[in-house]
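*Asks:* Before I ask anything, here is the structure I am working with.
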Amino acid sequence: MSGQLVGEVLAASDELQARELSPRAFHALVAIAEKAGVHDREASVRWDHIRAGLYGASKRTAERAVEELKAAGLISVVRPGFKNQHAAQAPVYRVLALVDHDTQVSVSKEEDHDTQVSVSGSVDTDKSELDTDKTASGYRHPGVVLDGSLDGSIDGARARLGDEPRCERHRDPVIFPRPPSCPDCRNVRKTREAEQRATAIREAAERDHRAAMRQQCPDCQGTNWITDDDGEPIKKCDHRRTA
């Protein structure tokens with residue numbers, strides 16, 4: 001499973017939405033990215049796995065989602081699947097570039113700015129520490145929350161900085177009390193954030209699915225209550241599906 005590619009898909013969600021990619025196709029792309037290798041970006045993916053990513057949708061719905069991804073230039077078919085009396089083979093897909101090259105270059109330059117400043121030989125120790133504080137308080141990733149004091153200082157936050165995910169070299173918060181400007185640390189944080197976003201998306205989809213099931217409940221018609229002949233509620237509905 002490739003958390004890195006899933007994170008790449010989630011990071012590109014705004015642009016994919018701007019390109020009018022349907023939610024169905026987006027969830028199919030996440031399902032394919034889960035199986036894809038980091039380097040070759042290829043995966044052998046069964047239809048059942050894609051259908052599971054679409055919360056039990058039909059195979060025809062999964063096929064339409066894959067066709068939409070192919071038409072959008074987000075995946076290609078490396079090898080089509082087959083099924084006969086003797087054997088079966090799932091299709092092999094390749095996840096293509098998800099965002100425009102110009103966007104990737106722009107983001108890369110912005111992300112590398114702090115690293116370039118921190119490793120410059122002309123920056124003295126005091127200046128470097130000041131820049132680190134500025135990075136922690138003013139240019140942190142939106143997903144990182146710092147608990148500063150009421151006067152605006154970050155003293156209250158410093159205890160939490162050591163809890164941020166880091167690479168193996170900078171794991172000890174005693175030696176490195178502040179998160180260093182390290183590409184490997186940044187990748188670890190991005191992976192953690194991608195996993196958290198993926199979990200949030202799946203939980204939201206599950207909530208939506210449960211809400212839809214409630215609306216389709218034959219016992220309460222989405223009201224959450226079983227009523228008597230006069231329409232008065234008599235007990236809470238457990239939304240059991242009837243045959």
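One point on numbering: in UniProt numbering, the residue at position 109 of the sequence shown is 109, and numbering is uninterrupted.
All residues carry an ideal CB built from backbone N, CA and C; glycine is no exception.
Quick check: the Cα distance between A198 and I75, rounded to an integer number of angstroms?
*Replies:* Residue numbering aside, residue 198 sits at position 198 when the sequence shown is read from its first letter. Residue numbering aside, residue 75 sits at position 75 when the sequence shown is read from its first letter. Looking at the two C-alpha atoms, the distance is approximately 20 Å.
*Asks:* What first and last residue would you give for the beta strand (DSSP E) that runs through P173?
*Replies:* Residue numbering aside, residue 173 sits at position 173 when the sequence shown is read from its first letter. Unbroken run through P173: none, as it is neither H nor E.
*Asks:* How close, in whole Å, do the beta carbons of V99 and E15 come, if the pair is a contact with beta carbons under 8 Å?
*Replies:* Here the question's residue 99 lines up with position 99 in the sequence shown. Here the question's residue 15 lines up with position 15 in the sequence shown. Rounded, the Cβ-Cβ distance is 5 Å, consistent with contact.
*Asks:* Is it true that the segment 53 to 71 meets the segment 19 to 29, where meeting means three or more beta-carbon pairs spaced less than 8 Å apart?
*Replies:* With the cut-off at 8 Å, the segment 53 to 71 and the segment 19 to 29 touch.
*Asks:* Quick one: using the 10 Å Cβ neighbour count with 16 as the cut-off for buried, is L10 buried or exposed?
*Replies:* The residue labelled residue 10 in the question sits at position 10 within the sequence shown. With 16 or more Cβ atoms within 10 Å of its Cβ, L10 is classed as buried.
*Asks:* Check for me: the alpha helix (DSSP H) holding R197 runs from which residue to which?
*Replies:* As a position in the sequence shown, residue 197 is number 197, starting the count at 1. Residues P183 to Q215.
*Asks:* Starting from T61, trace the alpha helix (DSSP H) in both directions and tell me its first and last residue.
*Replies:* Residue numbering aside, residue 61 sits at position 61 when the sequence shown is read from its first letter. Start and end: K59 to A71.
*Asks:* Against chain B, with Cβ distances strictly below 8 Å, would A57 count as a contact?
*Replies:* Going by chain labels, chain B is absent from the structure shown, which holds only one protein chain.
*Asks:* Roughly how many whole angstroms lie between the Cα atoms of K35 and E193?
*Replies:* By one-based count along the sequence shown, residue 35 stands at place 35. By one-based count along the sequence shown, residue 193 stands at place 193. Spanning the two alpha carbons is a distance of roughly 19 Å.
*Asks:* If I follow the unbroken alpha helix (DSSP H) through S13, where does it start and stop?
*Replies:* Against the sequence shown, residue 13 aligns to sequence position 13. Note, S13: alpha helix (DSSP H), S13 to A18.
*Asks:* Would you mind sorting A18 into buried or exposed? The rule is 16 or more other CB atoms within 10 Å of its CB.
*Replies:* The sequence position of residue 18 within the sequence shown is 18, counting from 1. A18 is exposed by the Cβ-count criterion.
*Asks:* Can you tell me where the beta strand (DSSP E) with residue 255 in it begins and where it stops?
*Replies:* Not covered by the structure: residue 255. The range shown for the chain is 1 to 243.
*Asks:* Within 10 angstroms of the Cβ of I175, are there 16 or more other Cβ atoms? Answer buried if so, exposed if not.
*Replies:* Start at 1 with the first residue of the sequence shown, and residue 175 comes out as number 175. Answer is exposed; the Cβ neighbour count stays below 16.
*Asks:* Just to confirm, is the Cβ distance from A90 to V30 under 8 Å?
*Replies:* Residue mapping note: residue 90 aligns to position 90 of the sequence shown, counting from 1. Residue mapping note: residue 30 aligns to position 30 of the sequence shown, counting from 1. No, Cβ-Cβ distance for A90 and V30 is not below 8 Å.
*Asks:* Starting from R51, follow the alpha helix (DSSP H) in both directions and report where the run begins and ends.
*Replies:* As a working mapping, residue 51 is identified with position 51 in the sequence shown. Note, R51: alpha helix (DSSP H), W47 to G53.
*Asks:* Is it the case that the CB of A43 approaches a heavy atom of the ligand ATP more closely than 7 Å?
*Replies:* The ligand ATP is absent from the structure shown, which contains no ligand whatsoever.
*Asks:* Looking only at its own chain, which residues have a Cβ that is under 6 Å from the Cβ of N224, when we skip the five neighbours before and after it?
*Replies:* The residue given as residue 224 occupies position 224 in the sequence shown. If we look at N224 and ignore the five residues flanking it on each side, its Cβ neighbours are C237.
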